[in-house]
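Asks: Each residue of the sequence shown is one higher than the last, beginning at 1 in full-length UniProt numbering.
All C-beta atoms in this analysis are idealised placements derived from N, C-alpha and C, irrespective of residue type, glycine included.
Provided herewith is a single structure, encoded as structure tokens, for subsequent inquiry.
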Amino acid sequence: MMFSIIIPTHNSNDTLRIALRSCLNQTNGDFEIIVIDDASNEPAAIVCADLEDRRITCLTNPTNLGASTSRNRGLDTARGDYIVFLDADDIYLPHKLEVLARTIQREQPGVLLHRQFRLHGKSDGRISWSELPARRWDGQTPLEEFTFRGGDYYNINVLCVSRLILQNVRFRPEIRMLEDQAFVYDCLRAAQHIAVLDDLLAVYVDDSRSSRASRRYRSRQDFLAFQRYARQHLTSRGQALINAAIASELSAFTHPVLVPFALFRGMQAGMPLGRSTFYAFRSIVGLPLANKVLSTLRAAKSKPRAPEWLDLLEPLEEGIER
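In structure tokens, the structure reads:
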């Protein structure tokens, strides 16, 4: 049984090298890696060639097409029995594919989900990290309700999908916001059997987003695109929770009715007060400032010693006490 690992990248060669190293160091070596370079200034093919491993294929988009189209191109190329995904700034833990392979042999699921570590950042020699999701999904509650009620979610790094499922499921390029979540939901609906593991098998580098938010607010078009998807495919409670989350990335001043109404409906659907309050704050001050505040709060809870898996992110995380 072979895995296909799909990695889209854009101007991320430094972290891409580390992501690829985490794949090549897997204890299960039956895989291929498909890197899709989304028109980077410095070609990702340079990094791939330096690693000198025949299991790596690098595709290059002629223009910047976005993550969804890039991943779809990887899916069209993939030859594996099961497909997994990795963002170019994240890593797999060494035993990930081995754990997945054992589960597949035992249960033959259409979709597998696992948990991961979430690295928020570092400050003054201390590191802030958590587990994502903090608790395992029970497989019964609609995933969109589990995800957006408390902020516990399964992103693309923790999804493993049978090739048979992907004959009819692809990423939706028209969705530019939460497009990976939509893909996870589509795969789950198409699967007859889902395996949900408690194992933490990857590291998601989520450095508070303060340096990654390219816009102060999202556009109304982004909101409406995902809202159309939610109306067709998700539960009414899930819609309310998701609408609150994505409306909080709009400006409350530009959308003085839409944003408060969405947040109110989210609270009615069970969103905790603290999360609703933060969403309201974000819609007023904008993404970069809100994320900076969130980063400061997380730093206050940071841990004095680094976890063992931090070594796998070298040379990104140098100078942290171990």
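Residue range of the alpha helix (DSSP H) that Ile34 falls in?
Replies: Careful: Ile34 lies outside any alpha helix (DSSP H), inside the beta strand (DSSP E) at 31-37.
Asks: In the structure shown, what three-state DSSP assignment does Arg209 receive?
Replies: Model confidence at Arg209 stands at a pLDDT of 41, short of 50, so the residue's coordinates are unreliable; what they give is reported in the following sentence. Three-state result, Arg209: coil.
Asks: Using a 10 Å radius around the Cβ and a threshold of 16 neighbouring Cβ atoms, would you call Ser248 buried or exposed?
Replies: Buried, because 16 or more other Cβ atoms sit within 10 Å of the Cβ of Ser248.
Asks: Alpha carbons only, please: which of Leu250, Val111, Phe85 is nearest the one belonging to Asp186?
Replies: Out of Leu250, Val111, Phe85, Val111 has the C-alpha closest to the C-alpha of Asp186.
Asks: Could you check if Arg215 is buried or exposed, using at least 16 other CB atoms within 10 Å of its CB as the buried criterion?
Replies: At Arg215 the pLDDT is 48, less than 50, meaning the model places this residue with poor confidence and gives no usable figure here.
Asks: State the start and end residues of the unbroken beta strand (DSSP E) segment that holds Ile83.
Replies: Ile83 -> beta strand (DSSP E) spans 82-85.
Asks: According to DSSP, is Thr69 part of a helix, a strand, or is it coil?
Replies: Helix at Thr69.
Asks: Just to confirm the assignment, what range does the alpha helix (DSSP H) spanning Ser236 have?
Replies: Here the alpha helix (DSSP H) through Ser236 covers 236-247.
Asks: Along the beta strand (DSSP E) that carries Thr9, what are the first and last residues, could you check?
Replies: Where Thr9 is concerned, the enclosing beta strand (DSSP E) stretches over 3-9.
Asks: Which runs of the alpha helix (DSSP H) fall wholly inside the stretch 102-164 and span at least 4 residues, in chain order?
Replies: 143-150, all fully within the stretch 102-164.
Asks: Name the two residues that bound the continuous alpha helix (DSSP H) containing Ile46.
Replies: Segment 44-51, the alpha helix (DSSP H) holding Ile46.
Asks: Got a sec: does the ligand FAD put a non-hydrogen atom nearer than 7 angstroms to the Cβ of Leu250?
Replies: Ligands in the displayed structure: none, and consequently the ligand FAD is not present.
Asks: Evaluate contact between the stretch 142-153 and the stretch 66-84, counting only Cβ atoms and requiring at least three cross-stretch pairs below 8 angstroms.
Replies: No, they do not touch.
Asks: Do Gln26 and Leu94 have their beta-carbon atoms positioned less than 8 angstroms apart in this structure?
Replies: First, the residue type needs correcting, since residue 94 is Pro and not Leu in the sequence shown. Yes, the pair counts as a contact, with Cβ atoms nearer than the cut-off.
Asks: Here's the rule: buried if 16 or more other CB atoms are within 10 angstroms of the residue's CB, otherwise exposed. What is Ile284?
Replies: Exposed is the call here.
Asks: Does the contact criterion of 3 or more C-beta pairs under 8 angstroms hold for the stretch 123-139 versus the stretch 85-102?
Replies: As far as the Cβ criterion goes, the stretch 123-139 does not touch the stretch 85-102, which means the pair count is below three.
Asks: Would you kindly check if the distance between the Cβ of Ala19 and the Cβ of Ile83 is under 8 angstroms?
Replies: Not closer than 8 angstroms, so no.
Asks: Across which residues does DSSP place Leu200 in a beta bridge pair?
Replies: Answer is Arg115, bridged to Leu200.
Asks: Any idea if Ala195 is buried or exposed, counting beta-carbon neighbours within 10 angstroms, 16 or more meaning buried?
Replies: Buried, because 16 or more other Cβ atoms sit within 10 Å of the Cβ of Ala195.
Asks: Compute the Euclidean distance between the alpha carbons of residue 323 and Ala191, then round it to the nearest angstrom.
Replies: Here the chain covers residues 1 to 322 and nothing more, so residue 323 does not appear.
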